[in-house]
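>
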Amino acid sequence: MNIKSTKIGNTSISIQWDIPWIFNGELKMFIINVEEIASLDMETCCVSIAPTEILVYEELPTYNYTITGLQPGSTYSVGVLSVSKSSWYSSPSRLPVTTIEEM
983 MNIKSTKIGN
993 TSISIQWDIP
1003 WIFNGELKMF
1013 IINVEEIASL
1023 DMETCCVSIA
1033 PTEILVYEEL
1043 PTYNYTITGL
1053 QPGSTYSVGV
1063 LSVSKSSWYS
1073 SPSRLPVTTI
1083 EEM
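What the sequence shown shows, in the numbering used here, is residues 983 to 1085, in sequence order.
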């Protein structure tokens, strides 16, 4: 899957990814994993956010999602993986993204 950030804010990141080219069966959902990997405040750094499941009702060429509740000036590793209705999981596509610092 090709994943990219489409908008980066102080506390949010919008991402977009393509439908996977190869998956085993009918697409059921995507799972978004977000992990803080660096922060301006290392005392509060490196929080994992609970995974988000996005159900697929129809197959589209691209999908979009906005991750909220993030810390300003922190770097996150964002992962997207696909799940088929036969419970086949793809390898996650990962993207490092840094939120904008507050002024």
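All C-beta atoms in this analysis are idealised placements derived from N, C-alpha and C, irrespective of residue type, glycine included.
Out of Glu1041, Lys986, Gly1051, Ala1032, which has the shortest C-alpha to C-alpha gap to Val1065?
On the sequence shown, position 83 is the one that residue 1065 refers to. Checked all of Glu1041, Lys986, Gly1051, Ala1032; the closest Cα to Val1065 is Glu1041.
> Could you name each continuous beta strand (DSSP E) segment of 3 residues or more that falls completely within the stretch 991-1037, going from the start of the chain to the end?
Counting only runs of at least 3 residues, the stretch 991-1037 fully encloses the following beta strand (DSSP E) elements, listed from N- to C-terminal order: 995-1000, 1009-1020, 1030-1037.
> In terms of DSSP beta bridges, what is Lys1067 paired with?
Counting from one through the sequence shown, the residue named residue 1067 turns up at place 85. None; Lys1067 has no bridge partner.
> Taking Cβ positions, are Pro1003 and Ile985 nearer each other than 8 Å?
On the sequence shown, residue 1003 is found 21 positions in, with the first residue counted as 1. On the sequence shown, residue 985 is found 3 positions in, with the first residue counted as 1. The sequence shown places Trp at residue 1003, not Pro. Contact: no.
> Quick check on the burial criterion: 16 or more other C-beta atoms within 10 angstroms. Buried or exposed for Leu1052?
As a working mapping, residue 1052 is identified with position 70 in the sequence shown. It counts as buried.
> Is the CB-CB distance between Ser1109 and Thr1080 below 8 Å?
Here the chain comprises residues numbered 983 to 1085, so residue 1109 is not present and cannot be evaluated.
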